[in-house]
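Worksheet for the structure shown next.
4 protein chains.
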Amino acid sequence: MSNKILNFGIIGAGRIGRLHAENIASCYRNVKLKSVSDLYYENLHEWAGNIGIENLTGDYRDIINDPEIDAVLICSPTDTHAQISIEAAKSGKHIFCEKPVDMDPDRIREVLKQVDASGVIFQVGFNRRFDRNFRKAWKTVREGKVGDIHIIRITSRDPAPPAPEYIKVSGGIFMDMTIHDFDMVRYLSGSEATEVYATGSAMIDRSIAELGDIDTAAVVLKFENGAIGIIDNSRKAVYGYDQRIEVFGSKGCVTVSNETDSLAVISNESGVWSEKPKYFFLERYKESFIIEIGEFIESILNGKKPPVDGIDGLNSVLIAKAAKESLLKGKPVKVEL
Amino acid sequence: MSNKILNFGIIGAGRIGRLHAENIASCYRNVKLKSVSDLYYENLHEWAGNIGIENLTGDYRDIINDPEIDAVLICSPTDTHAQISIEAAKSGKHIFCEKPVDMDPDRIREVLKQVDASGVIFQVGFNRRFDRNFRKAWKTVREGKVGDIHIIRITSRDPAPPAPEYIKVSGGIFMDMTIHDFDMVRYLSGSEATEVYATGSAMIDRSIAELGDIDTAAVVLKFENGAIGIIDNSRKAVYGYDQRIEVFGSKGCVTVSNETDSLAVISNESGVWSEKPKYFFLERYKESFIIEIGEFIESILNGKKPPVDGIDGLNSVLIAKAAKESLLKGKPVKVEL
Amino acid sequence: MSNKILNFGIIGAGRIGRLHAENIASCYRNVKLKSVSDLYYENLHEWAGNIGIENLTGDYRDIINDPEIDAVLICSPTDTHAQISIEAAKSGKHIFCEKPVDMDPDRIREVLKQVDASGVIFQVGFNRRFDRNFRKAWKTVREGKVGDIHIIRITSRDPAPPAPEYIKVSGGIFMDMTIHDFDMVRYLSGSEATEVYATGSAMIDRSIAELGDIDTAAVVLKFENGAIGIIDNSRKAVYGYDQRIEVFGSKGCVTVSNETDSLAVISNESGVWSEKPKYFFLERYKESFIIEIGEFIESILNGKKPPVDGIDGLNSVLIAKAAKESLLKGKPVKVEL
Amino acid sequence: MSNKILNFGIIGAGRIGRLHAENIASCYRNVKLKSVSDLYYENLHEWAGNIGIENLTGDYRDIINDPEIDAVLICSPTDTHAQISIEAAKSGKHIFCEKPVDMDPDRIREVLKQVDASGVIFQVGFNRRFDRNFRKAWKTVREGKVGDIHIIRITSRDPAPPAPEYIKVSGGIFMDMTIHDFDMVRYLSGSEATEVYATGSAMIDRSIAELGDIDTAAVVLKFENGAIGIIDNSRKAVYGYDQRIEVFGSKGCVTVSNETDSLAVISNESGVWSEKPKYFFLERYKESFIIEIGEFIESILNGKKPPVDGIDGLNSVLIAKAAKESLLKGKPVKVEL
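Heads up: the sequence lines are chains W, S, Z and L, in that order.
Residues 0 to 336 (numbering that gives the first Met the number 0) make up the first sequence, in order.
Residues 0 to 336 (numbering that gives the first Met the number 0) make up the second sequence, in order.
Residues 0 to 336 (numbering that gives the first Met the number 0) make up the third sequence, in order.
Residues 0 to 336 (numbering that gives the first Met the number 0) make up the fourth sequence, in order.
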C-alpha cells in the first residue's frame, strides 16, 4: 500500500456522515479528514475537535473547490446527492455517495455521465455487501458451492418505522428500505432483474398509508439468469433488526441468520432464551461501514474499480421504481434496463 | 374414550395406504382393519397377514357395501377420490380422503354436498397440520403470541422430483406439491386467500417443462385478514427435504426449522458439520400420519368436527387452480371462493 | 428374519415393565407377551387386556418355570434382579435385565457365571446406547472421525430428585443415576476405566445428605486407552432433562445436545425463545427403549451377542462402587477390574 | 469523563504489547502513547511512527523514571513482571500488568505490598472477563438468574500447542493456559477455590511430556460457596479455539458457545456446514483487549478500583500452583489462601 495521505471531505454530518468520519479517524491513518460541511456546522466544533477534523463549514462548495481534497463522502439529504456528485466529479474529486444516488434514474444517468467524463472513482454506500456474513455467502455462491442459482430469499425487517416527516420525503419503502435488498439480490445473483411484482400495505401503522406509503411488503423478482428473488420487508419487528438471506441452487443452499449482542443462552423453567438480533443498522453493520470506506480508499490508491459503482446505484433505483409501479398497478412490471 | 371397536376399510394400498394401515395396526387398538382393496391385491397377502387385515379384495365396492365397515380411508389414485367418496358417503361411511380430493372444484363440491346430506365425517389428509412443530407454531399464533399476522413464509423443497409418468397426471406442482403449503397458510392464518400471484419455471430439469409443469416456484398470497403469504418451492434440494415455516406479526415471530436424523455435530478441520434434514415426507412427517388418523378416529367416536374437512380440501384446490392460472397469465389472479 | 414367534415373560410391571410391554405389543409382532408377573397383578387386568397379555400372576416363578417362555424381561426392584436372573438362566430363559444388575459386583459375577453356564443371552437395560443421537456419536468415533480420544464429557441432569423412599434404597447417586453415564463413557471410549475421582454434595436438598446421598456430582475417570472422562450430574435442572455428550480427540470433536418437544422458536420483545429439553427419560429416550428390545429379540433369533451384556452390567457397577469410595475418601480410587 | 490526556508507557513490544499500543492509538484519544520500551526497539521505528508513539527505548527504566508517564502497561516476559511492577509502583505509576504477575505467589505478594504502599492502580490482564459473551453470562449470574451456583464448566482448547522453547519457560499448562480459566471460574462464581484436583497427560505430543508438561487436562475445583468448577483443556483442537463456559444453578443455566468468523451455513449433499470457531485469542477476544484497557483508563481517571486487581492476579496463581501439585501427587490439594 502506498504511503500517500489522502485528504477527504465529508459533505453532510448527520448520523451517517459522522459515523464515516469517526471510522476514518479510528481506522485509516492514511486519510486526513480535512473538512466537513453541514448546514448546522456551528454545533459540531467539539465533535470535530475530538477526531482531528481541520475545517468545518456550512457550504459544501468549500470542499468541492479545495484543490487539496482528493475525495468526498456525500452524506447529505438524498435530494442533494446528484447535484453535489456532479459538481464533485467536475472538480476531479473521487466520490463516495450514500444511497440512493437519486430517486430519478435519469438524474442518476446524468451523474454517471459526468463521473465517466471526469474519470473519478464513484462508489455507492451499499454497505451490506461488506458485511462479513453476506460476503461469505456471496463468496460461497461465486465459488459455485450452491450451483446454478434458483431462489434467493431476503428477509429485512426494521425494529421501528421512521418518523412521518422522513417517510414523506423517503420516496417510499422500496426506494428507502428495500433498495438495500435490491442491491443485495443483484450482488448475490450476479445478474439483473427483468421483472418485479410487489405488493404490501400499511399493516403496522395506518398513518403510513395516509402518507402514501406502506410498511409491510413482499417483492418477487425475476432475473436474467433465471433465478427468482423473494424479498419480505416490515418496518417493525418487535424483536429487533431481522436481516436474513438465503441463496438456494442446484448444488445446495447458503443461509445467513441474525447476529446477536451475545451468545449467552439462558435455560430456565420457562424455556431456553437467546439474545435478540442486534437492534438496528448501526449495531448490525458496524464493521461493514468501516470496510466499505477501506475499499473506497484502496480503489483511489490503486486505481481499481470500486466494489459498488454507479451502475449498482442506478439499477437498484430502477428496480425500486418498477416495484412502486407494480404496487400501484397490482401486477408485475418489467424493469427498464 | 369409548370402548367401541371401529371397523375400517382402506381403499388403495399404495405407499400411503399401507402406511396408514400399519400405523393403525400398531397404534389404534380400537380400530380393526377389516378390509383392504387394491387393484394388485394378490401381492398383498403376506403384508396383510402380518398386520392382521381380515379381507383383501380387488374391488373397493366390497368395502363400500360392507355394512360392518364404519369408515374408509381413500388412498387410491387422485382421479378416483371423488367418486369413491360420494359412494362411501351414500353408504353412510365416514371418510378419510387423501389429498387432493379432486383437481376440479366443482367435483369437490359434489362430494361435499353428498357428505353433508349423509351426515358422515369427511377428513382430508393434510397431515402436516398434525406435525408437532407446526402444531406448536399454530398454537403460538392462536394464543396471540405473534399478534396480528403480517407475513407468513413457507419454504417447501423436495429432495427429488417425481417420475415423469407421475408428473403427467399430477395436475402440476401447485396441485400436487404446493397444495400442502396452501393448506398450511390457511391453517396458520386462520383466514382465506383472496388473490394469488405465482411464478416459476423448470430450473432443475427441462423435461419437466416439456411435460407442461415447472419445478421451482414462488407464490404470493393475499389473505382476507390482510396477511401476506409467501411460498417458495423446489422439486430438488440436494440436502434433503426442506420444510420451514414462519409467521411474523405485530408482537413477534414464530419459526420452525428442519428436523434432522440426529443432533450429532462434528467439528473438525473443515468446519462444523450437522445432519441434513430428514430425507422425505415419510421420515419427516412420520408421527403426523399417526396423529391425523387418531384425530379422525376421535371425530368418529365423539361426533366432533374433523380437524381438516371438506372445505379445507376445496379451498386449497381453489388456491392451486388460481396459482396455475396466475403462472399462465403472468399476473395475480383472484381466488374464487 | 425368522418367522418364529417368541414368547416373552415380563417380571415386574412398574413403569419400566409396562413400558417394555406396551412397546412390544405395538412394535414387535414376532413376540407374544405371554405372561406378566407383579406383586400387584390384580390391578393390571384392564391394562393387560388392552395389549393382549395372556397371563397375569403374582409369582415370577410361574414365568421362570413355563417351558413355553423363551425370554424374560426383569423389571422388578433392583434387589431381586440377581436372584431372578440366576433362576431364569438355570431355566434356560434368555434374559433382558434392567439396570443395575445388582449393587454388589460379586453378586453380579454369580449371575454371569450362571448365564455363561446356561448359554443364554443376557442383555442389560442401558437404553441410552440405543438413542439415535448417541449412537450416531458412537459411530462417528468408531469411524475414526475424532481420531484418538482425548476427552469425553457428559452432562446428565434430572428435572427433579427421586422421592426419599427411593433414595434410601437406590444405592446412592453413582449407582442409580451416574451409572448410565459410566456405561456411556465405556461405550463411547471403547475402553475400561482404571481410576475414578468423584466429588459432590447435596446442593439442591439437604435432606438428601441426611439420607447419606448427594445430589450434585463431578466425576473424573481415567481410561486404559489414555482418555479422560468428565461427568457432571445434578438431580434437579429446572429447565428439564439435560443429556449432553461430547467426545473430543486428535481429529475433531462430536457433540450431542438436547432433544426438545418442538423446533418452534418465538422471537419477541423479550428475546428469542426455544423449547426446553424433553422433560425426563420416558420422553427423551422413548425410541431407545423400543430399539434395545428389538436388538435383544434379534440376538435371540440370530444367536448374536447382545449389544449390552453382563460385562457391561458388571463394569459400570465397579466404576460406581469406586466413585462412592472416592467421594468418601476425598481422593481418586482405582477401579477393581 | 475527564478531558485529561494520560501519558502511557508500554514496556515490552511483543505481540501483546503491540496489540495494546495499536488499540490505544485507535480507540482512546485521551491517552498519548508517549513511550515504548523493548529489547529490540531498533526494529520498531516504522510501526511506532505509524501509530504516533513519541519515544522508543531499549530500557524500561526510561519509562519508569519519566515523570510525565502516568501509567505503564507491562507486557514484557513473565519473569520480569514482578520487578518492573515494583519499580513502577515505587515511581507512582499506575500499572496494567499482563498475566501472570509472577509464578511465585510470594513474589506477587511483594508486588501487591508495594502497590498498596504506593496507592497506584494495579490491573491484571485477564481480558476474557471483558468479552461481551462472558460478561453477559457473569451479569446473568449476578442478577440471580441461575440462582445458587452449583456447577461451573469451562472448556478451553487451543488450536495448537506453543513452541517447545515457550513451554520450557511457561510454568506448565496450569500456569500458562488454565490460569485464564481459574480466573474465569473465580469471576463467575464470585467465590474462592478451596481445593483442586488436576489430572492430565501429553496426549497430543509426547515431546511435551519430555519437557515436563502436559497438553490435555481436567481440573475439578471446590469453592467456598459450595460450587464445583470443572475445567477441561487441550493444547490442540483441530477445529479451532474452543472457548465455552456454563454456569448451572438452582434456577437455571447460562451457557456461552463459540464465536465464528461468519454466520453463513451451507447445506449440500454432505450435510449442513457451519464455520469453525474463530482461530485463536487475538481473533476471538479482539474487543476484550480494547475494553480492558478502557476500564483501566477509567479507573485511573475516576479513582475507581480496577476491574481485575492484584488479588485476582495472586489467587489465580495459587490455584495454578495447587493444580500442579495435584497433578504430581495424583490427588486433590488444598489451595493456600
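The C-beta atom is built at its ideal place from N, Cα and C for all residues, glycine as well.
Here the structure is a predicted model, which means the values were calculated and not measured.
- request: Output the distance between the C-alpha atoms of W/A216 and W/A208, rounded to the nearest integer angstrom.
  value: Counted from its first residue, the first sequence places residue 216 of chain W at position 217. Counted from its first residue, the first sequence places residue 208 of chain W at position 209. Approximately 13 Å between the Cα atoms of the pair.
task: Work out the CA separation of S/R17 and S/I9 for me, nearest whole Å.
output: Position 10 of the second sequence, counting from 1, holds the residue named residue 9 of chain S. Position 18 of the second sequence, counting from 1, holds the residue named residue 17 of chain S. Computed Cα separation, rounded: 9 Å.
message: Would S/F173 pass as an interface residue toward chain W - the criterion being a Cβ-Cβ separation below 8 Å?
response: Counting from 1 along the second sequence, the entry for residue 173 of chain S is found at position 174. Taking Cβ atoms only, chain W never reaches closer than 8 Å to S/F173, which makes this a no.
task: State yes or no: is the beta carbon of S/Y278 nearer than 8 Å to at least one beta carbon in chain L?
output: In the second sequence, residue 278 of chain S corresponds to position 279, counting from 1. No, no contact with chain L.
- prompt: Would you say Z/T198 and L/V219 are within 8 Å of each other, going by their C-beta atoms?
  reply: Mapped onto the third sequence, residue 198 of chain Z falls at position 199. Mapped onto the fourth sequence, residue 219 of chain L falls at position 220. Yes, the Cβ-Cβ distance between Z/T198 and L/V219 is below 8 Å.
query: Would you call the stretch 166 to 177 of chain W and the stretch 275 to 287 of chain W in contact, with 3 or more CB pairs under 8 Å?
result: no
query: Of all the residues that make up the stretch 253 to 268 of chain Z, which are near chain L by a beta-carbon distance shorter than 7 Å?
result: none
message: As a quick exercise: from W/S169, W/K98, W/M102 and W/Q113, pick the residue whose alpha carbon is nearest that of W/S90.
response: For the purposes of this step, residue 90 of chain W is taken as residue 91 along the first sequence, with counting starting at 1. The candidate whose alpha carbon is nearest that of W/S90 is W/Q113.
- request: Please work out which residues of its chain come closer than 8 Å, Cβ to Cβ, to S/G170, disregarding the five sequence neighbours upstream and downstream, and give them in chain order.
  value: Here the question's residue 170 of chain S lines up with position 171 in the second sequence. The answer, listed in chain order, is T77, P99, M102 and A319.
message: As a quick exercise: from W/S25, W/S206, W/S269 and W/V119, pick the residue whose alpha carbon is nearest that of W/G293.
response: Position 294 of the first sequence, counted from the first residue, corresponds to residue 293 of chain W. The shortest C-alpha separation from W/G293 is found at W/S25.
Per-residue contacts from Z/I149 into chain L (C-beta, under 7 Å): Mapped onto the third sequence, residue 149 of chain Z falls at position 150. The question names Ile, but residue 149 of chain Z in the sequence shown is His. Neighbours of Z/H149 on chain L, chain order: M202, T215 and S233.
message: Rounded to whole angstroms, what is the Cα-Cα separation between W/S325 and S/S36?
response: For this step, residue 325 of chain W is matched to residue 326 along the first sequence. For this step, residue 36 of chain S is matched to residue 37 along the second sequence. Straight-line Cα distance between these residues: approximately 52 Å.
message: For L/S190, would you say it is in contact with chain W, using Cβ-to-Cβ distances shorter than 8 Å as the test?
response: Here the question's residue 190 of chain L lines up with position 191 in the fourth sequence. No, L/S190 lies away from the interface with chain W (no Cβ there is under 8 Å from its Cβ).
query: Straight-line CA distance for Z/R134 to Z/R128?
result: Taking the first residue of the third sequence as 1, we reach residue 134 of chain Z at position 135. Taking the first residue of the third sequence as 1, we reach residue 128 of chain Z at position 129. Approximately 6 Å between the Cα atoms of the pair.
field: Cβ of L/F247 within 8 Å of any chain Z Cβ
entry: Residue 247 of chain L sits at position 248 when you count from the first residue of the fourth sequence. Yes, L/F247 lies at the interface with chain Z (some Cβ there is under 8 Å from its Cβ).
task: Kindly indicate which three-state DSSP category W/L336 falls into: helix, strand or coil?
output: Numbered from 1 along the first sequence, position 337 holds the residue referred to as residue 336 of chain W. Three-state DSSP puts W/L336 in coil, outside helix and strand.
Contact set for W/R108: own chain, Cβ-Cβ below 6 Å, skip 5 residues either direction: As a position in the first sequence, residue 108 of chain W is number 109, starting the count at 1. Excluding sequence neighbours, W/R108 sits near nothing in its chain.
- prompt: Within the 8 Å Cβ cut-off, does S/R17 reach chain Z?
  reply: Here residue 17 of chain S corresponds to residue number 18 of the second sequence, with the count starting at 1. False, the Cβ-Cβ gap to chain Z never drops below 8 Å.
message: Let me confirm a value: W/N301 is counted as buried when at least 16 other C-beta atoms fall within 10 Å, else exposed. Which label applies?
response: Counting from 1 along the first sequence, the entry for residue 301 of chain W is found at position 302. Exposed: under 16 other Cβ atoms inside 10 Å.
query: For W/I4, does the count of other Cβ atoms within 10 angstroms reach 16, so buried, or fall short, so exposed?
result: Residue 4 of chain W sits at position 5 when you count from the first residue of the first sequence. Burial call: exposed.
task: Could you work out which residues of chain Z lie near S/S25, taking near to mean beta carbons separated by less than 7 Å?
output: Taking the first residue of the second sequence as 1, we reach residue 25 of chain S at position 26. The contacting residues are S25 and C26.
query: So which residues of chain W does L/T139 contact, with C-beta pairs closer than 7 Å?
result: The sequence position of residue 139 of chain L within the fourth sequence is 140, counting from 1. What L/T139 touches in chain W: A263 and I265.
task: Return the CA-CA distance between L/M0 and L/K303, expressed in angstroms with no decimal places.
output: Residue mapping note: residue 0 of chain L aligns to position 1 of the fourth sequence, counting from 1. Residue mapping note: residue 303 of chain L aligns to position 304 of the fourth sequence, counting from 1. For L/M0, the predicted model reports a pLDDT of 47, less than 50, meaning its position is unreliable; a value from the coordinates is still stated below. Near 13 Å, if we compare the C-alpha coordinates of L/K303 and L/M0.
query: For L/G302, which residues in chain A fall below 7 Å Cβ to Cβ?
result: The chain labelled as chain A is not found among the protein chains of the depicted structure, namely W, S, Z and L.
task: Decide if L/E223 is buried, meaning its Cβ has at least 16 other Cβ atoms within 10 Å, or exposed.
output: Here residue 223 of chain L refers to the residue found at position 224 when the fourth sequence is read from its first residue. Exposed is the call here.
task: For L/V168, count neighbouring C-beta atoms within 10 Å of its own C-beta (all shown protein chains included) and say buried if the count is 16 or more, exposed if not.
output: On the fourth sequence, residue 168 of chain L is found 169 positions in, with the first residue counted as 1. Its Cβ having fewer than 16 others within 10 Å, L/V168 is exposed.
query: How far does the alpha helix (DSSP H) with L/G251 in it reach, from first residue to last?
result: Residue numbering aside, residue 251 of chain L sits at position 252 when the fourth sequence is read from its first letter. No alpha helix (DSSP H) contains L/G251, which is instead part of the beta strand (DSSP E) from G251 to V255.
query: If we ignore side chains and look at the alpha-carbon of each, how far apart do S/Q122 and S/P66 end up?
result: Along the second sequence, one-based indexing puts residue 122 of chain S at 123. Along the second sequence, one-based indexing puts residue 66 of chain S at 67. Computed Cα separation, rounded: 21 Å.
- prompt: Secondary structure at L/G248, three-state DSSP: helix, strand or coil?
  reply: Position 249 of the fourth sequence, counting from 1, holds the residue named residue 248 of chain L. Strand, per DSSP.
- prompt: Using a Cβ-Cβ cut-off of 8 Å (strictly less than) and excluding sequence neighbours within five positions of L/Y40, which residues of its own chain qualify?
  reply: By 1-based counting over the fourth sequence, the position of residue 40 of chain L is 41. So the list reads A12, L55, T56 and G57, once near-sequence residues are dropped.
field: chain L contact for W/N49 (CB, 8 Å cutoff)
entry: Looking up residue 49 of chain W in the first sequence gives position 50. Closer than 8 Å: yes.
field: Nearest-angstrom Cα separation, counted from Z/Y284 out to Z/K328
entry: Looking up residue 328 of chain Z in the third sequence gives position 329. Looking up residue 284 of chain Z in the third sequence gives position 285. Approximately 35 Å between the Cα atoms of the pair.
message: Taking CB distances under 8 Å as the criterion, tell me whether L/R131 reaches chain W.
response: On the fourth sequence, position 132 is the one that residue 131 of chain L refers to. Chain W contact via Cβ: present.
- prompt: In chain order, what residues of the same chain lie with their CB nearer than 8 Å to the CB of Z/V145, ignoring the 5 residues before and after it?
  reply: As a working note, residue 145 of chain Z is residue 146 in the third sequence. Excluding positions up to five away in sequence, the list reads T139, V246, F247, G248, S249, K250, G251, C252 and V253.
Contacts of S/A136 in chain Z (Cβ-Cβ under 7 Å): As a position in the second sequence, residue 136 of chain S is number 137, starting the count at 1. A263, listed in chain order.
DSSP state of W/P331 mapped onto helix, strand, coil: On the first sequence, residue 331 of chain W is found 332 positions in, with the first residue counted as 1. Looking at W/P331 - three-state DSSP - the assignment turns out to be coil, as it is neither helix nor strand.
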